[in-house]
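Okay, structure first, notes after.
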Amino acid sequence: MEMFEEARAMSGTLKLCNITQKELAERMGVSQSYVANKLRLLSLSSHLEKLIVKHGISERHARALLRLESEEDRLEILEKIISRDLTVRECEALVDIKVDTYAPTVIARAESAERIEAFTETLKRSLITLRSHGIEVTDTTSYYGNKMYVTLCFADV
457 MEMFEEARAM SGTLKLCNIT QKELAERMGV SQSYVANKLR LLSLSSHLEK LIVKHGISER
517 HARALLRLES EEDRLEILEK IISRDLTVRE CEALVDIKVD TYAPTVIARA ESAERIEAFT
577 ETLKRSLITL RSHGIEVTDT TSYYGNKMYV TLCFADV
């Protein structure tokens with residue numbers, strides 16, 4: 457059964473039996489969050505649903521799209537998922553970037569610089585502490601546009 461059919465079946469069962477998501481989850485032997493995540497898929501438009509099914513896009517990809525506010529943004533990212541055969545991780549990264557553009561961007565440069573400086577200083581001290589306890593960790597800082605990305609890699613412990 458495909459994800460949207462399952463979501464519709466769950467929704468219908470909730471209404472027909474007049475039960476809660478938690479009760480349905482217990483009857484199905486799944487978690488309440490499993491039920492909730494399936495039902496959330498029903499908030500995607502029928503157009504997006506058809507494209508997702510047609511191209512065999514995974515449920516995790518579809519759920520990532522739900523974080524976007526507009527149908528246009530969802531369609532834009534879905535088209536990239538399809539054309540570039542994006543992994544879930546890549547899809548979520550694109551959604552993160554899109555969601556960041558929704559956030560207010562009016563932070564004074566000085567305040568922003570102070571926050572970045574405080575963050576990097578805290579990170580430096582944390583890395584020193586980890587290393588002093590024998591934990592192997594490498595850090596890489598990269599920049600994309602006006603965003604800074606810090607990647608920490610820990611050796612197998």
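Take 457 as the starting number for the sequence shown in our numbering and just add one per residue.
Glycine included, each C-beta is placed from N, C-alpha and C at the ideal position.
Is residue i helix, strand or coil when you go by DSSP?
| i | result |
| --- | --- |
| L542 | coil |
| M604 | strand |
| P560 | Residue placement at P560 is flagged as unreliable, the pLDDT there being 49, under the threshold of 50; a coordinate-derived value is accordingly withheld. |
| L583 | helix |
| L522 | coil |
| E458 | coil |
| T476 | coil |
| S615 | With the chain covering only 457 through 613, there is no way to say anything about residue 615. |
| G485 | coil |
Taking the alpha carbon of residue i as the point to measure from, which residue in the options has its own alpha carbon closest?
| i | options | result |
| --- | --- | --- |
| D552 | D529, R571, E570 | D529 |
| L495 | A518, Y599, E592, E525 | A518 |
| V593 | Y600, Q488, Y605, L579 | L579 |
| L507 | V555, L531, L550 | L531 |
| S514 | Y490, R523, S502, I537 | I537 |
| H589 | F610, A549, V509 | F610 |
| E462 | K478, I584, M484 | M484 |
Hey, quick one: how far does the alpha helix (DSSP H) through residue i stretch, first residue to last?
| i | result |
| --- | --- |
| T596 | From DSSP, T596 is part of no alpha helix (DSSP H) but of the beta strand (DSSP E) over 593 to 600. |
| A492 | 488 to 496 |
| G512 | First-last for G512: undefined, no H or E at that position. |
Under the assumption that residue i contacts residue j (Cβ atoms under 8 Å), give the Cβ distance between them as a whole number of angstroms.
| i | j | result |
| --- | --- | --- |
| D595 | L608 | 5 Å |
| A520 | V544 | 7 Å |
| R464 | L504 | With 8 Å as the limit, R464 and L504 do not qualify as a contact, their Cβ atoms being about 15 Å apart. |
| M466 | L480 | 6 Å |
Please name the residue or residues paired with residue i in a DSSP beta bridge.
| i | result |
| --- | --- |
| C547 | In the DSSP output, where bridge partners are listed per residue, C547 has none listed. |
| F610 | V593 |
Examine chain D for any beta-carbon lying closer than 9 Å to the beta-carbon of residue i, and answer yes or no.
| i | result |
| --- | --- |
| E546 | The displayed structure is made up of one protein chain only, and chain D is not part of it. |
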